[in-house]
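Going by my numbering, the letters in the sequence shown line up with residues 121 to 705, in that order. All residues carry an ideal CB built from backbone N, CA and C; glycine is no exception. Just so you know, these numbers come straight off a predicted model, no measurement behind them. What follows is a set of notes on a single structure, which appears directly below.
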Amino acid sequence: MRNQIFMTRYYSSVTKPVLTPLALAIALAPAPGWAENYFNPAFLSDDPSAVADLSTFSRNAQAAGMYRVDVYLNNTFLATRDIAFQAVKTTGKSAPTDDSGLRACLTPEMLKNMGVNTGAFPLLAKAAAGSCPDLASAIPAARTRFDFAQQRLDISIPQAAMVASARGYIPPKYWDEGINALLLNYTFTGANSQDRSPGGSAENSYFLGLNSGLNLGAWRLRDYSTWNANSGDQNSDSDWQHISTYLERDVVFLQGELTAGDSYTPSALFDSLPFRGLQLASDDNMLPDSMKGFAPTIHGIARSNAQVTIRQNGYIINQRYVPPGAFTINDLYPTAASGDLTVEVKESDGSINRYNVPYSAVPILQREGRLKYAATVAEYRSESSQKEKVKFSQATLIWGLPHGFTLYGGTQLSSHYHALAIGSGANLGDWGAVSLDVTQATSTLADNNTYQGQSLRFLYAKSLAQSGTNLQLMGYRYSTSGFYTLDDTTWKRMSGYDDDSRTDSDKSRPEWADYYNLYYTRRGKVQLDINQQLGGLGSLFITGSQQSYWHTDEKDSLLQVGYSDTLAGIAWSVSYNNNKSAGDA
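In structure tokens form, the structure reads like this:
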């Protein structure tokens with residue numbers, strides 16, 4: 121065993137005497153002094169040049185090098201890794217609470233793998249591969265702490281500097297396409313009716329619905345067909361109808377779905393159309409539940425490790441913990457149609473900061489950063505012999521912007537129709553939510569004349585949480601006399617009866633519901649929906665709408681009123697309905 125020899129060095133401060141009584145008294149007083157243990161490295165070897173520099177250890181710091189440490193990011197364990205540590209030459213400390221004298225070498229690649237949005241910070245984005253930029257200089261409020269005794273590295277990075285990962289998110293590489301399989305679902309109903317009066321007749325009717333499919337890898341083949349049969353004393357008939365067949369698959373990197381065959385276009389901007397062709401469109405089912413629908417984005421700043429609580433209508437809808445610095449919360453589950461959000465930031469010292477985020481929603485609104493799209497190239501599909509199967513294309517785009525705004529637009533094109541639509545929606549907070557769009561269309565109809573027109577659509581929604589009232593008012597839509605839809609341009613004649621869906625015996629009795637006249641274009645439609653919660657007394661709803669037409673005083677109108685409640689565990693409701701179509705007496 122080698123003897124270790126320590127020496128004690130003494131330090132003192134001496135004041136030069138001055139020939140005054142006071143100076144003499146000070147000079148004779150004991151001077152302050154201190155001492156520290158000092159190991160003389162000369163005792164390690166007779167050759168001083170062969171002795172390593174031990175000054176680092178004399179300051180209770182640690183030597184630079186490679187250490188296997190437990191890595192924690194924002195107090196969450198990531199992994200055990202070999203990390204290179206460098207000596208800090210400026211202050212001797214890598215953080216105020218860290219006396220190791222070391223700084224972890226965290227390369228941009230390592231930070232990116234940890235979920236840091238390195239592209240948003242120039243010092244990290246421009247750093248050379250394998251380099252170790254100073255984390256605190258690259259990201260404001262970021263820091264590291266190395267607990268040498270526990271071999272633990274704590275990395276603290278503001279939540280806003282991290283790549284967003286929504287709650288419930290599962291990486292696509294873990295998605296399961298399911299097994300290869302043949303599918304068949306069927307529905308069969310039948311009835312027998314008899315007239316027991318003298319000379320009465322009997323009638324039998326049957327219906328069979330078949331939903332069949334094939335799953336093969338990522339591809340899905342689906343077919344829907346029906347069979348109807350009716351038989352009586354005097355006649356009988358049966359009809360087999362092929363409703364639709366389509367092939368579809370997910371396009372993961374586009375968060376969309378590719379459909380080939382028979383389907384329908386989205387209805388967010390234009391009227392939904394049946395088609396046979398190709399369509400690529402966003403699929404919300406690829407999003408985690410916390411990213412579906414619309415909810416506002418919450419921004420804030422935490423001075424320390426803080427608890428963030430979000431309330432709506434007095435209920436806690438979300439609570440989480442964030443590190444110091446700016447934070448963003450954009451994965452709230454879809455909440456009520458409206459109702460202000462109260463955000464509470466509770467710091468580690470107990471101080472609380474509260475603020476409100478106004479919130480209302482209309483169907484067109486999208487979350488900040490969400491891009492929803494659809495593109496269709498197809499042939500118009502209709503079972504009516506009165507309509508042409510025109511080829512058309514359609515594209516729509518909806519983009520969620522910051523501060524509760526949404527911008528959207530789209531186009532429809534065919535040989536006889538050109539339309540362009542653009543609009544915007546906004547969450548106005550206490551004033552509710554609103555969307556407004558306009559469509560310009562040029563149409564060539566069955567009379568070979570060309571028409572031009574515009575249509576304005578307005579939608580407003582507001583919830584009064586205190587009274588339990590939910591109001592949705594739709595000014596849908598006001599159109600000029602020359603405005604037509606793509607569906608209107610498919611008619612072979614300007615007016616007539618579309619009675620293909622009725623039996624031969626019924627076609628001899630034309631009905632107004634089957635009548636169409638392209639000279640009577642839609643002028644305006646107003647719809648009002650009110651839902652009122654009555655506390656323990658049930659709920660009430662009122663729905664009303666009115667559709668007017670150009671060149672006629674005829675109108676379509678609808679009024680529905682309903683009340684529902686529970687009594688002794690039994691749910692009951694009562695409703696009133698008044699529906700009047702244009703042409704009704």
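Requested in this report: Taking S701 and D676 to be in contact with their CB atoms under 8 Å, please state how far apart those CB atoms are, rounded to whole angstroms.
Outcome: Position 581 of the sequence shown, counted from the start, is the residue given in the question as residue 701. Position 556 of the sequence shown, counted from the start, is the residue given in the question as residue 676. Contact between S701 and D676 is confirmed by a C-beta separation of about 5 Å, below the 8 Å threshold.
Report task. Output yes or no for whether 8 Å exceeds the beta carbon distance between L367 and L400. Result -> Residue mapping note: residue 367 aligns to position 247 of the sequence shown, counting from 1. Residue mapping note: residue 400 aligns to position 280 of the sequence shown, counting from 1. With respect to L400, L367 sits apart: the two C-beta atoms are not nearer than 8 Å.
Query raised in the report: So, Y598 versus G644, is the Cβ gap smaller than 8 Å?
Result: Translated into positions along the sequence shown, residue 598 becomes position 478. Translated into positions along the sequence shown, residue 644 becomes position 524. Contact: yes.
Query raised in the report: What's the gap between the Cα of E464 and the Cα of T610?
Result: Taking the sequence shown and counting its residues from 1, one reaches residue 464 at position 344. Taking the sequence shown and counting its residues from 1, one reaches residue 610 at position 490. Straight-line Cα distance between these residues: approximately 56 Å.
Query raised in the report: Beta-carbon separation of E229 and A245 under 8 Å?
Result: Here residue 229 refers to the residue found at position 109 of the sequence shown. Here residue 245 refers to the residue found at position 125 of the sequence shown. No.
**Report entry** Inter-residue Cα distance where the pair is S214 and T196
**Finding:** Position 94 of the sequence shown, counted from the start, is the residue given in the question as residue 214. Position 76 of the sequence shown, counted from the start, is the residue given in the question as residue 196. In this predicted model, S214 has a pLDDT of only 48, less than 50, meaning its place in the structure is not dependable; the value taken from the coordinates is given anyway. T196 has its alpha-carbon roughly 20 Å from the corresponding atom of S214.
Report task. State the start and end residues of the unbroken alpha helix (DSSP H) segment that holds A256. Result -> The sequence position of residue 256 within the sequence shown is 136, counting from 1. Where A256 is concerned, the enclosing alpha helix (DSSP H) stretches over L255 to A258.
Query raised in the report: Counting along the chain, where does the beta strand (DSSP E) carrying Q282 start and finish?
Result: One-based indexing of the sequence shown puts residue 282 at position 162. According to the sequence displayed, residue 282 carries Met and not Gln. Looking at the DSSP string, M282 is not in any beta strand (DSSP E), and its letter there is neither H nor E.
Query - Chain-order list of residues whose beta-carbon lies under 6 Å from that of S665 (same chain, five-residue window excluded) - result: As a first step, residue 665 must be located in the sequence shown, where it is residue number 545. Result list for S665: Q647 and L678, in chain order.
Query raised in the report: When you compare each of L461, P408 and S402 to V428 by their alpha carbons, which one comes out closest?
Result: Counting from 1 along the sequence shown, the entry for residue 428 is found at position 308. It is L461 whose Cα lies nearest to the Cα of V428.
**Report entry** Within 8 Å, strictly: CB atoms of A281 and A256
**Finding:** For this step, residue 281 is matched to residue 161 along the sequence shown. For this step, residue 256 is matched to residue 136 along the sequence shown. Cβ atoms of A281 and A256: not closer than 8 Å.
Query raised in the report: What's the gap between the Cα of D296 and the Cα of A388?
Result: As a position in the sequence shown, residue 296 is number 176, starting the count at 1. As a position in the sequence shown, residue 388 is number 268, starting the count at 1. D296 and A388: Cα-Cα distance of roughly 30 Å.
Query raised in the report: DSSP three-state call for S625: helix, strand or coil?
Result: Indexing the sequence shown from 1 puts residue 625 at position 505. Residue placement at S625 cannot be trusted, given a pLDDT of 45 that sits under 50; what the coordinates show is reported in the next sentence. In the three-state reduction of the DSSP assignment, S625 falls in the coil class.
Query raised in the report: Count the other CB atoms within 10 Å of the CB of V236; is the residue buried (16 or more) or exposed (fewer)?
Result: For this step, residue 236 is matched to residue 116 along the sequence shown. Looking at its Cβ environment, which holds 16 or more other Cβ atoms inside 10 Å, V236 is buried.
Query raised in the report: If we count Cβ pairs, one from each stretch, closer than 8 Å, do we get three or more for the segment 550-564 versus the segment 434-443?
Result: Because the criterion of three Cβ pairs below 8 Å is not met, the segment 550-564 and the segment 434-443 do not touch.
Report task. Please list the segments of the alpha helix (DSSP H) lying wholly inside the segment 512-595, counting only runs of 4 or more residues, in order along the chain. Result -> Within the segment 512-595, no complete alpha helix (DSSP H) run reaches 4 residues.
Query raised in the report: Would I518 be called buried (16 or more neighbouring beta carbons within 10 Å of its own) or exposed?
Result: Here residue 518 is taken as the residue at index 398 of the sequence shown, counted from 1. Around the beta carbon of I518, 16 or more other beta carbons lie within 10 angstroms, which makes this residue buried.
Query raised in the report: Going by other Cβ atoms of all chains shown within 10 Å of its Cβ, with 16 needed for buried, is S628 buried or exposed?
Result: Residue mapping note: residue 628 aligns to position 508 of the sequence shown, counting from 1. Note on S628: pLDDT 44, under 50, position unreliable in the model; no value is reported.
Requested in this report: Would you mind reading off the limits of the beta strand (DSSP E) that contains A96?
Outcome: Outside the modelled stretch of the chain, which goes from 121 to 705, sits residue 96, for which no answer is possible.
Query - Assigned exposure category for I299 - 16 Cβ within 10 Å defines buried - result: Here residue 299 refers to the residue found at position 179 when the sequence shown is read from its first residue. Exposed, because fewer than 16 other Cβ atoms sit within 10 Å of the Cβ of I299.
Requested in this report: Identify the continuous alpha helix (DSSP H) that holds P228 and give its terminal residues.
Outcome: Residue mapping note: residue 228 aligns to position 108 of the sequence shown, counting from 1. Unbroken alpha helix (DSSP H) run through P228: P228 to N233.
Query raised in the report: By how many angstroms is the C-alpha of A311 removed from the C-alpha of Q514?
Result: The count along the sequence shown starts at 1 and reaches residue 514 at position 394. The count along the sequence shown starts at 1 and reaches residue 311 at position 191. Whole-angstrom Cα-Cα distance: 43 Å.
Requested in this report: Would you mind working out which of E467, G420 and N450 sits nearest Y475, comparing C-alpha positions?
Outcome: Taking the sequence shown and counting its residues from 1, the one referred to as residue 475 is at position 355. For Y475, the nearest C-alpha among the options comes from G420.
Query raised in the report: Per DSSP, K700 is paired with what?
Result: Along the sequence shown, read from residue 1 onward, the residue named residue 700 stands at position 580. K700 pairs with S677.
Requested in this report: For P292, name the three-state secondary structure that DSSP assigns.
Outcome: Counting from one through the sequence shown, the residue named residue 292 turns up at place 172. Three-state DSSP puts P292 in a helix.
**Report entry** Beta-carbon proximity of G658 to D685, cut-off 8 Å
**Finding:** By 1-based counting over the sequence shown, the position of residue 658 is 538. By 1-based counting over the sequence shown, the position of residue 685 is 565. In terms of Cβ geometry, G658 and D685 form a close pair [threshold 8 Å].
Requested in this report: Can you tell me which of the three DSSP states F76 falls into?
Outcome: With the chain covering 121 to 705 only, the question about residue 76 has no answer from this structure.
Query - Own chain residues within Cβ distance below 7 Å of L302, not counting five before or after - result: Translated into positions along the sequence shown, residue 302 becomes position 182. Excluding positions up to five away in sequence, the list reads L334.
Query raised in the report: How is the beta strand (DSSP E) around L222 delimited, first residue to last?
Result: Along the sequence shown, one-based indexing puts residue 222 at 102. Residues L222 to A224.
Query raised in the report: Apart from the five residues on each side of it in sequence, which residues of its chain come closer than 6 Å, Cβ to Cβ, to A261?
Result: Mapped onto the sequence shown, residue 261 falls at position 141. Cβ neighbours of A261 beyond the five flanking positions: P278, P444 and G445.
Query raised in the report: Taking the beta strand (DSSP E) that T346 falls in, what are its first and last residues?
Result: Position 226 of the sequence shown, counted from the start, is the residue given in the question as residue 346. In the DSSP annotation of this structure, the continuous segment of the beta strand (DSSP E) that includes T346 starts and ends at W339 to G352.
Query raised in the report: Just the Cα atoms here: how many angstroms apart are I449 and L576?
Result: Translated into the one-based positions of the sequence shown, residue 449 becomes position 329. Translated into the one-based positions of the sequence shown, residue 576 becomes position 456. Distance between I449 and L576, taken at the CA atoms: about 35 Å.
**Report entry** Euclidean distance between Cα positions of E467 and I430
**Finding:** Looking up residue 467 in the sequence shown gives position 347. Looking up residue 430 in the sequence shown gives position 310. Their Cα atoms are separated by approximately 15 Å.
Query - Simplified DSSP assignment, three categories, for G602 - result: Indexing the sequence shown from 1 puts residue 602 at position 482. Note: G602 maps to coil in three-state DSSP.
Query raised in the report: Hey, is G352's beta-carbon within less than 8 Å of any beta-carbon in chain B?
Result: Here chain B cannot be found, since the structure has a single protein chain.
Query - Beta-carbon proximity of T79 to I484, cut-off 8 Å - result: Residue numbering for the chain in the displayed model covers 121 to 705; residue 79 lies beyond these limits and cannot be assessed.
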